[in-house]
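What follows is one structure encoded as structure tokens, with my remarks underneath.
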Amino acid sequence: MQYKEYGDAHHPLMMFIHGGGVGGWMWDQQIQHFAHFHCVIPELMSDDPFSIEHSAKELLLLIEEKANEKPVIVIGFSLGAQIAIQMLSLKPSLIDYTIINSALVIPSPTVERMLQPFIRLSFPLIKNKAFAKLQAKTLYIHEDYFERYYQESATMKVDTLIQILRENMLFSIPPDFHKAQGKILITVGDKEKNNMKKSAKALVRNHPHSKGVLLKNIGHGVSLAQPAFFNRFVENWIKDGQLPEGTVIE
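Quick note on my numbering: the sequence shown kicks off at 4 and runs consecutively.
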């Protein structure tokens with residue numbers, strides 16, 4: 004798996020895992036803010052068949068290679084948050100702090116069965132710039148990043164997209180998630196779909212020591228929509244356990 008490193012290699016390791024449809028560039032504002040950390044930014048997409056479990060195993064190996072007994076912080080968004088959950092389940096004692104943002108853990112098998120014919124039918128829309136701009140808006144992608152987002156989307160193969168969406172829609176909480184020993188913060192926007200909010204509640208109830216917050220006036224993508232707010236609450240939570248502004252999930 005390809006990745007980039009930034010910041011100070013002598014300080015705690017901070018891994019940011021991007022969501023589907025975007026790349027490591029979605030974390031540019033975080034890389035600048037957390038320059039005093041050792042930031043590792045993986046790129047999930049490749050020509051190989053995509054798997055959440057395989058990605059989790061690869062990233063765990065990368066952490067073991069880079070951490071050198073330093074504290075480990077993992078932050079995942081959407082698909083990246085699902086991978087973070089899988090990582091916690093596979094190696095419960097490796098990660099010290101995890102922020103799980105907008106992770107879907109309620110499987111949708113009915114939707115998944117309809118996925119392949121629908122994607123193959125609508126796939127040409129991905130190369131339509133007007134459609135791409137609408138999609139980018141829902142993800143809070145700034146115009147400075149639109150061309151990069153569009154080019155990456157337009158070059159994705161249809162089978163790759165189907166596999167990513169299938170993994171995303173069928174993902175559920177792994178049996179060993181509750182064994183994770185580090186601190187866990189689960190966040191979701193109050194403007195997100197009900198399944199996403201139900202997923203956040205399910206995660207909080209599944210792990211006895213996790214904390215969950217429903218973020219006000221936020222849809223799918225808080226780190227892109229409000230990077231200063233996101234950076235501040237990440238820093239405050241890691242430093243002294245302060246929860247971000249919002250409604251506590253119970």
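Where is the CB? At the ideal position from N, CA and C, for every residue including glycine.
TODO: Leaving out five residues on either side along the sequence, give the residues of the same chain with a beta carbon under 6 angstroms from the beta carbon of A205.
DONE: Answer for A205: V108, listed in chain order.
Task: Contacting residues, own chain, Cβ-Cβ under 7 angstroms from K201 (five flanking each side not counted) - done: Here the set comprises I109.
- [ ] Quick one: residues in its chain with C-beta nearer than 7 angstroms to the C-beta of D114, no 5 flanking neighbours on either side, listed in chain order?
- [x] It should be noted that the sequence gives Val, not Asp, for residue 114. Closer than 7 angstroms at Cβ, skipping near neighbours: M172.
TODO: Using beta-carbon positions only, say whether I20 and A70 come within less than 9 angstroms of one another.
DONE: Not in contact: I20 and A70 (Cβ atoms no closer than 9 angstroms).
TODO: Please name the residue or residues paired with E46 in a DSSP beta bridge.
DONE: DSSP output for E46 lists Q5 as bridge partner(s).
TODO: Identify whether T158 lies in helix, strand or coil by the three-state DSSP scheme.
DONE: Looking at T158 - three-state DSSP - the assignment turns out to be coil, as it is neither helix nor strand.
Open item on the list: Let's test the definition: count the other Cβ atoms within 10 Å of the Cβ of D38 and tell me whether it reaches 16, buried, or not, exposed.
Closed with: According to the sequence shown, residue 38 is Ala rather than Asp. Exposed, since its Cβ has fewer than 16 Cβ neighbours within 10 Å.
- [ ] Hey, could you find the ends of the alpha helix (DSSP H) M17 is sitting in?
- [x] It is not in any alpha helix (DSSP H) - M17 instead sits in the beta strand (DSSP E) that spans 16-20.
Open item on the list: Can you tell me whether G122 is helix, strand or coil according to DSSP?
Closed with: A quick correction: the sequence has Ile, not Gly, at residue 122. Of the three classes helix, strand and coil, the one that applies to I122 here is helix, per DSSP.
TODO: Compute the Euclidean distance between the alpha carbons of R123 and S54, then round it to the nearest angstrom.
DONE: Their backbone Cα atoms lie some 20 angstroms apart in a straight line.
Open item on the list: Considering Cα atoms alone, identify which of G24, Q245, A203 is closest to K160.
Closed with: When only C-alpha atoms are compared, the closest one is G24.
Task: V237, enclosing alpha helix (DSSP H) - first and last residue - done: That run of the alpha helix (DSSP H) goes 230-243.
Task: Same chain, Cβ closer than 7 angstroms to E155, five either side skipped, listed in chain order - done: G26.
Open item on the list: Going by DSSP in three states, I176 sits in which element: helix, strand or coil?
Closed with: DSSP places I176 in coil when its eight states are reduced to three.
Open item on the list: Going by DSSP, what residue range makes up the beta strand (DSSP E) through G215?
Closed with: Run containing G215: 214-218, per the beta strand (DSSP E) assignment.
Task: Whole-number beta carbon distance between L227 and I144, since they are thought to touch under 8 angstroms - done: Correct: roughly 6 angstroms between the Cβ atoms.
TODO: Count the C-beta pairs between the segment 43-60 and the segment 83-101 that are closer than 8 angstroms, then say yes if the count reaches three, no if not.
DONE: A contact is defined here as three or more CB-CB pairs under 8 angstroms, and the segment 43-60 meets this definition with respect to the segment 83-101.
Task: Per-residue DSSP class, three states only, for I88 - done: Helix, per DSSP.
TODO: Name the residue from G79, L218, E61, A157 whose alpha carbon lies nearest to the alpha carbon of Y100.
DONE: Here the closest residue by C-alpha is G79.
Task: Beta-carbon spacing of G249, T190 below 9 angstroms - done: Less than 9 angstroms divides the Cβ of G249 from the Cβ of T190.
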